[in-house]
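Participant:
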Amino acid sequence: IAYGTDTIITRGSNTYGPYQYPEKLLPFFITRALNDKKVPVYGAGDQVRDWIHVSDHCAGIAVALLHGEPGAIYNVGGSSERRNIEVTRRLLALLGKPETLIKHIGDPRGASHDRRYALDTSRLQALGWQPRVPFEEGLESTVRWYREHRAWWEPTVQDAGYREFVARYYGRYLGDDL
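In my numbering, the protein residues as written are 21 to 198.
#1: Smallest Cα separation from residue 146: which of 194, 123, 88, 51?
#2: Whole angstroms is fine: what's the gap from residue 75's alpha carbon to residue 153's?
#3: Classify residue 173: buried if its beta carbon has 16 or more other beta carbons within 10 angstroms, exposed otherwise.
#4: Measuring only the C-alpha atoms, how far is residue 189 from residue 64?
#5: Taking only runs of the alpha helix (DSSP H) that begin and end inside the stretch 113 to 172, which ones reach a length of at least 4 residues, in chain order?
#6: When the distance is taken between beta carbons, is residue 46 closer than 9 angstroms to residue 167?
#7: CB-CB under 8 angstroms to residue 61, same chain, minus the five flanking residues each way: which ones, in chain order?
#8: Are residue 33 and residue 72 close, meaning C-beta to C-beta below 9 angstroms?
#9: Quick one: what's got a C-beta closer than 7 angstroms to residue 43's C-beta in the same chain, skipping five residues either side?
#10: Specify the secondary structure class of residue 196 as computed by DSSP and reduced to three states.
#11: Would DSSP call residue 28 helix, strand or coil?
#12: Have a look at residue 113 and residue 92 and give me their C-alpha separation to the nearest angstrom.
#13: Classify residue 55 as helix, strand or coil using the three-state DSSP reduction.
#14: Answer yes or no: do residue 111 and residue 163 have a C-beta to C-beta separation smaller than 9 angstroms?
#15: Going by beta carbon distance, what residues of the same chain come within less than 8 angstroms of residue 180, once the five residues before and after it are set aside?
#16: In whole angstroms, what separates the C-alpha of residue 183 from that of residue 127?
#17: Please say whether residue 69 and residue 102 have beta carbons closer to each other than 9 angstroms?
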């Protein structure tokens with residue numbers, strides 16, 4: 021309880037799904053591949069991430085809000101760990117794009133970049149919550165959504181501010197393929 025207000029904190033793992041801004045890994049790679057542009061993968065792509073579909077993340081927050089204990093912290097994760105390179109290859113396969121679009125790049129953060137992280141969701145599971153969307157199913161539906169909603173994301177990736185973001189973070193690796 022903070023300042024007389026009941027509070028609950030939730031911490032989520034990598035959330036994905038429709039309407040996600042194209043700077044995040046999955047929509048960034050999907051939109052680039054749909055435009056036949058290189059997808060930059062740090063190092064060998066061995067970093068491991070836990071993925072959770074947005075609908076499961078929202079459901080987890082709702083369970084914590086409605087049934088959680090004030091002052092508690094609840095981790096909301098998908099229990100679906102994958103190496104970045106595996107996710108990238110699967111995305112390209114779903115899009116019917118060649119793996120030659122993968123461009124392995126140096127990690128600007130070097131050794132400080134997280135190799136693996138995941139969350140212990142047992143406290144939230146004790147309240148009856150479980151993720152329901154299997155990663156493969158969620159990934160397929162996400163890829164389908166971006167394919168079918170180009171009019172939603174294309175103006176963003178053409179925007180000068182977005183293009184500056186891509187140039188700032190990836191320009192030295194991607195050259196003219198921004």
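Positions of the beta carbon are idealized from the N, C-alpha and C atoms, including for glycine.
Note that this is a predicted model, so its numbers are computed, not measured.
Facilitator: Taking the coordinates as given:
#1: 88
#2: 8 angstroms
#3: buried
#4: 18 angstroms
#5: 142 to 145, 155 to 168
#6: no
#7: 104, 105, 108, 122, 123, 124, 125
#8: yes
#9: 185.
#10: coil
#11: Annotated three-state conformation of residue 28 is coil, per DSSP.
#12: 41 angstroms
#13: Annotated three-state conformation of residue 55 is coil, per DSSP.
#14: yes
#15: Same-chain partners within the cutoff: there are none.
#16: 20 angstroms
#17: Yes, the pair counts as a contact, with Cβ atoms nearer than the cut-off.
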